[in-house]
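Under UniProt numbering, think of the first position of the sequence shown as 1, with each following residue one higher. Step one of this worksheet: look at the structure below.
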Amino acid sequence: MDITLDNADSSSPRTLASVLADAILQDIVTGALPPGSKLKIRELAERYQTSAIPLREAVSRLAMSGFVETEDQRGFRVTQVSKEDLEDITSVRQCIESEALRDAIESGNLEWEGAVLSAFHMVNSQPTVTGDPPRMNPAWERAHDNFHTTLLAGCRSKWLKHFAATLRTQTARYRHMSLRSQHASERDVGKEHEAIVKAVLAHDADRACELLREHFAATTRLVLDRGEGADTARDASSEDGNKDSNQAVNKDSNKDSNKTASARKRRAAA
């Protein structure tokens with residue numbers, strides 16, 4: 001992959017480190033750089049066809065955002081995923097985005113409502129997955145991010161919107177993992193978005209926030225789903241990343257299941 005400044009949007013000049021940070025983040029999100037994998041600068045330089053200096057800056061930026069961990073005297077590695085992390089992100093995101101959405105509904109104007117409707121039509125016009133084996137459609141991902149950003153655009157708090165955007169990015173790689181659930185095809189994300197938009201346009205803040213929280217919870221349930229028959233076909237790098245991701249999350253799920261079973265046995269014995 002040849003990374004140059006030509007990849008950047010000409011309307012907003014960016015450094016090579018910024019472009020590299022985005023490229024590495026995308027590979028982390030999709031699983032091409034698996035959770036827990038070491039990020040060796042020499043290997044990254046070959047992968048992205050660039051030099052070590054901007055790469056170090058790019059990786060350091062990702063460490064500040066939580067996608068990369070630093071190891072004393074040992075460099076960097078991709079941050080692991082876990083059941084606890086996913087549930088924590090989901091819970092906090094539900095709180096922050098529902099609060100921001102409520103404020104947006106209360107203070108938003110007709111221009112904002114029109115933007116929400118337009119963003120909905122845009123994301124709804126794109127297939128969620130593409131290819132065989134199925135992968136998240138990049139065009140849908142961009143439209144999906146824009147939809148959720150637009151939903152909160154009417155909120156008056158810049159900090160709520162800032163934290164919401166940060167959490168949305170953290171959720172991205174878990175969303176990719178949700179495709180591996182055997183129940184993924186049963187979910188109609190478009191219908192979920194449509195219901196949220198209808199509640200927003202009806203100025204029903206309670207209903208809109210409830211639907212938004214459930215929208216996030218549905219993704220979490222799919223990631224934690226360990227059903228048999230999920231399509232595990234992936235290319236070599238993505239397959240290893242998804243395998244490690246699911247093992248990390250499902251290992252925690254198994255622990256909880258075993259604890260629950262033991263508790264039931266104790267109650268039955270009593």
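We put the CB at the ideal spot given by N, CA and C, even for glycine. Predicted model, so just to flag it, every value in this text is computed and none were measured.
query: At least 3 beta-carbon pairs within less than 8 Å: the region 31-38 vs the region 69-79; result: yes
query: Ala52 and Ala45 closer than 7 Å at C-beta; result: yes
query: N-terminal and C-terminal residue of the alpha helix (DSSP H) that Thr149 is part of; result: 138-152
query: Per-residue burial, Pro127 [other beta carbons within 10 Å of its own, 16 or more giving buried]; result: exposed
query: Inter-stretch contact (C-beta, 8 Å, three-pair minimum) for the region 213-223 and the region 165-180; result: yes
query: Segment contact, 8 Å Cβ cut-off, at least three pairs: the region 182-196 with the region 206-219; result: yes
query: Coil, strand or helix - Phe67 by DSSP; result: coil
query: 8 Å contact criterion, which Leu62 and Ala21 should meet: CB distance rounded; result: 6 Å
query: Range covered by the alpha helix (DSSP H) that runs through Gly36; result: No alpha helix (DSSP H) contains Gly36, which DSSP labels as neither H nor E.
query: Contact under 7 Å by Cβ, Val29 with Arg173; result: yes
query: Straight-line gap, Lys243 to Gly31 (C-alpha atoms, nearest Å); result: Legend: pLDDT at Lys243 = 48, less than 50; position of this residue unreliable, value from coordinates given subsequently. In a straight line, the C-alpha of Lys243 is about 9 Å away from that of Gly31.
query: Same chain only: Cβ atoms within 8 Å of Asn146, ignoring 5 sequence neighbours per side; result: Ala119, Met122, Val123
query: Pair within 7 Å by beta-carbon distance, Leu152 and Ile96; result: no
query: DSSP three-state assignment for Gly108, whether helix, strand or coil; result: coil
query: Per-residue DSSP class, three states only, for Thr130; result: strand
query: Through-space distance from Pro138 to His144, alpha-carbon basis; result: 10 Å
query: Pairwise C-alpha distance: Ala199 and Glu186; result: 23 Å
query: Buried versus exposed call for Leu55 [16 or more other C-beta atoms within 10 Å across all chains shown]; result: buried
query: Residue nearest to Phe163 in terms of C-alpha spacing, selected from Val92, Gln26, Asp88; result: Val92
query: As assigned by DSSP and simplified to three states, the class of Val81; result: coil
query: Arg156, DSSP secondary structure in three states; result: coil
query: Assigned exposure category for Thr130 - 16 Cβ within 10 Å defines buried; result: exposed
query: Alpha helix (DSSP H) segments (min. 4 residues) lying fully within the region 166-239; result: 189-201, 205-224
query: Collapsed DSSP secondary structure at Arg42 in the structure displayed; result: helix
query: For Gly75, the residue or residues it bridges with in DSSP; result: Glu71
query: CB of Ala100 within 7 Å of CB of Cys155, strictly; result: yes
query: Cβ shell of residue 275 (< 8 Å), same chain only, five flanking positions each side left out; result: Any answer about residue 275 is impossible in this case: the structure gives the chain only from 1 up to 270.
query: Straight-line gap, Asp132 to Glu141 (C-alpha atoms, nearest Å); result: 18 Å
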